[in-house]
Each structure stands twice: as C-alpha cells, then as structure tokens.
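Engineer: Note that our numbering gives residue 132 to position 119 of the sequence shown, counting from 1, and the numbers run on in steps of one.
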Amino acid sequence: MSRRLTRGDRLVLASHNAGKLAEFELLLAGSGVTLVSAGQLGLPEPDETADSFAGNAALKARAAAGAAGLPALADDSGFCVRALGGDPGLYSARWAGPGRDFPAAMQRVRDRLAAAGDPADRGAWFISVLCLAWPDGETRDFEGRIDGEFAWPPQGSHGHGYDPVFIPGGETRRFAEMEEAEKNAISHRARSFRLFAEQCLPAG
Numbered sequence: 014m015s016r017r018l019t020r021g022d023r024l025v026l027a028s029h030n031a032g033k034l035a036e037f038e039l040l041l042a043g044s045g046v047t048l049v050s051a052g053q054l055g056l057p058e059p060d061e062t063a064d065s066f067a068g069n070a071a072l073k074a075r076a077a078a079g080a081a082g083l084p085a086l087a088d089d090s091g092f093c094v095r096a097l098g099g100d101p102g103l104y105s106a107r108w109a110g111p112g113r114d115f116p117a118a119m120q121r122v123r124d125r126l127a128a129a130g131d132p133a134d135r136g137a138w139f140i141s142v143l144c145l146a147w148p149d150g151e152t153r154d155f156e157g158r159i160d161g162e163f164a165w166p167p168q169g170s171h172g173h174g175y176d177p178v179f180i181p182g183g184e185t186r187r188f189a190e191m192e193e194a195e196k197n198a199i200s201h202r203a204r205s206f207r208l209f210a211e212q213c214l215p216a217g
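(1) DSSP three-state label for Leu24, please.
(2) At which residues does the beta strand (DSSP E) containing Arg158 begin and terminate?
(3) Considering just the uninterrupted stretch of the beta strand (DSSP E) at Phe92, what are its terminal residues?
(4) Among the residues of its own chain, which have a CB less than 6 Å from the CB of Val46, if the five just before and after it don't count?
(5) Note down the Cα distance separating Glu58 from Ala77, rounded to an integer number of angstroms.
(6) Give the range of the alpha helix (DSSP H) segment to which Leu41 is assigned.
(7) Between Arg20, Glu36 and Ser28, which has its C-alpha nearest His173's C-alpha?
(8) Closest to Asp160 by CA distance: which of Arg202, Ala146 and Val122 is it?
(9) Closest to Asn197 by CA distance: which of Gln212, Pro181 and Gln168 is it?
(10) What does DSSP give as the partner residue(s) for Pro116 in the beta ladder?
(11) Taking only three categories from DSSP, how would you classify Pro215?
(12) What are the start and end residues of the beta strand (DSSP E) that includes Gly79?
(13) Tell whether a beta-carbon distance below 8 Å holds between Gly157 and Arg107.
(14) Would you kindly work out how many angstroms separate the C-alpha atoms of Asp114 and Gln120, rounded to a whole number?
(15) Taking Gly138 as part of the beta strand (DSSP E), name the residues at either end of that continuous run.
(16) Would you please state the rounded distance, in angstroms, between the beta carbons of His171 and Ala189? I believe it to be under 8 Å.
(17) Would you report the Cα separation of Asp88 and Ala81, rounded to the nearest angstrom?
(18) Leaving out five residues on either side along the sequence, give the residues of the same chain with a beta carbon under 6 Å from the beta carbon of Cys144.
(19) Tell me the rounded alpha-carbon separation between Leu48 and Ala27.
Here it is in structure tokens:
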C-alpha cells in the first residue's frame, strides 16, 4: 500500500513561483492538506543539475523535505517544441533568465523557429513531473504530458510561463485564454497531479 499524506498534514511546495503556488492551492482544495511554499519558509533553491525532469524534481523535493522536516512536493516542468528538438524543455525557466522574463523567452522560441526557416510543424507539448519526498528520503514520481501546438503571437492574460503561446490539442484557445479551472482540468500538471492525488492524498 502506497504511503499517503493525512488530513491536517503540512506539505511544502518546493517552489518560489507564486503562480505555481496558486495553481497547487486550487488543486489541493478540499484535501485537508495545508500547502506552504519553500519561498514562504525562506528555503534556498537548489541548483537544477539533473539531466531529466524527474531528476530535477527529486533534487528540489528532497532539498525542501530535508530542510523543513516536512513532506515536500516538487514540480519540474517544461515547454517543448518539436521543430526545436524539444527545446526549451529542461531549460524552459532558464530561457526566461533570472528575472523570469517569459515574454522574452517566448520571443526566443519564435526567433529560433524563424532561424530554422519557420517550419510548418508547430507541434509542442508541456510535460510535468511531480516528486513527493518525505524527510526520511523516500520519493515517488508522477508524470503528465499534454500535446498541442506553438501559436504566435502570445495571447491571453491568465496562467503563467509559456501559456500565452500554447494551444492544447482539440482546443482553439491558448492556455492563457482559459480560466484557471478550465486549464487545471486538462493541463500537464493536472495530469501528473491526478496520479499523485490518487496515490498519495488522504483517502475518502
């Protein structure tokens, strides 16, 4: 039987990103688990030196769980464009620079596509790997992905990151044009979170 959180537990979100915190608070609503971010606890952000989403998620979750003495949940996610060989991928946040300038990052994707001859293939996807780490070092991973296409120019004012340039399959709107609840029902993070919730949140 998988190890579960219980009602009344505190869970650290291993992130300093306010947008992610708001998204996870909505996802956890009604679970009986209280979410606090690494930023609110003043925890340092570890260097993301792994060569995979799962590896980086584990680095962040283990660091937060060890520092706080609480279970910690980390997300490592990225925006991948097929014509760019999957870039920015693992480096999605780094393309935005230390100031998290995502308009500049989205422009960089557009410029790279133009430099590649502006290929007709606009296939793109978001991937999310969640890692739950316990203070004793035990971890569990959960992966979600959603496919769609890169769309230019950016549109919409909701969400965060690359949401203004991604149209999920079967939709005509970008993630940033959807209300948060709509996006949360279908997103890559919603899919990885669903697996996490089924296996690790309080039952019933």
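We treat Cβ as the ideally placed atom computed from N, Cα and C, and that holds for glycine.
Structural biologist: Reading from the atomic positions:
(1) Here residue 24 is taken as the residue at index 11 of the sequence shown, counted from 1. Strand, per DSSP.
(2) On the sequence shown, residue 158 is found 145 positions in, with the first residue counted as 1. Thr152 to Phe163 is the extent of the beta strand (DSSP E) around Arg158.
(3) Position 79 of the sequence shown, counted from the start, is the residue given in the question as residue 92. Phe92 -> beta strand (DSSP E) spans Ala85 to Val94.
(4) Taking the sequence shown and counting its residues from 1, the one referred to as residue 46 is at position 33. Correct list, in chain order: Leu18, Asp22 and Leu24.
(5) Locating residue 58 in the sequence shown gives position 45, counting from the first residue. Locating residue 77 in the sequence shown gives position 64, counting from the first residue. Approximately 9 Å, taken between the alpha carbons.
(6) Within the sequence shown, residue 41 is the residue found at index 28, counting from 1. It spans Ala31 to Leu41 - the alpha helix (DSSP H) in which Leu41 sits, taken as one unbroken run.
(7) Here residue 173 refers to the residue found at position 160 of the sequence shown. For the residues Arg20, Glu36 and Ser28, the minimum Cα distance to His173 belongs to Glu36.
(8) On the sequence shown, position 147 is the one that residue 160 refers to. Asp160 has its Cα closest to that of Arg202, out of Arg202, Ala146 and Val122.
(9) By one-based count along the sequence shown, residue 197 stands at place 184. Checking every option, the nearest Cα to that of Asn197 belongs to Pro181.
(10) Taking the sequence shown and counting its residues from 1, one reaches residue 116 at position 103. Beta-bridge pairing links Pro116 to no other residue.
(11) Here residue 215 corresponds to residue number 202 of the sequence shown, with the count starting at 1. Coil, per DSSP.
(12) Here residue 79 refers to the residue found at position 66 of the sequence shown. Note, Gly79: premise wrong, no beta strand (DSSP E); alpha helix (DSSP H) at Phe66 to Ala81.
(13) As a working note, residue 157 is residue 144 in the sequence shown. As a working note, residue 107 is residue 94 in the sequence shown. Not a contact, by the Cβ cut-off of 8 Å.
(14) Here residue 114 corresponds to residue number 101 of the sequence shown, with the count starting at 1. Here residue 120 corresponds to residue number 107 of the sequence shown, with the count starting at 1. So the alpha carbons of these two residues sit roughly 10 Å apart.
(15) Numbered from 1 along the sequence shown, position 125 holds the residue referred to as residue 138. Residue 138 is actually Trp in this sequence, not Gly. Per DSSP, Trp138 belongs to the beta strand (DSSP E) from Gly136 to Ala146.
(16) Mapped onto the sequence shown, residue 171 falls at position 158. Mapped onto the sequence shown, residue 189 falls at position 176. About 5 Å separates the two Cβ atoms, so the contact holds.
(17) Looking up residue 88 in the sequence shown gives position 75. Looking up residue 81 in the sequence shown gives position 68. Going from the Cα of Asp88 to the Cα of Ala81 covers about 17 Å.
(18) Stepping through the sequence shown from its first residue, residue 144 is reached at position 131. Closer than 6 Å at Cβ, skipping near neighbours: Ala70, Ala71, Ala74, Ala87, Thr152 and Asp154.
(19) Position 35 of the sequence shown, counted from the first residue, corresponds to residue 48. Position 14 of the sequence shown, counted from the first residue, corresponds to residue 27. Roughly 10 Å between the two C-alpha positions.
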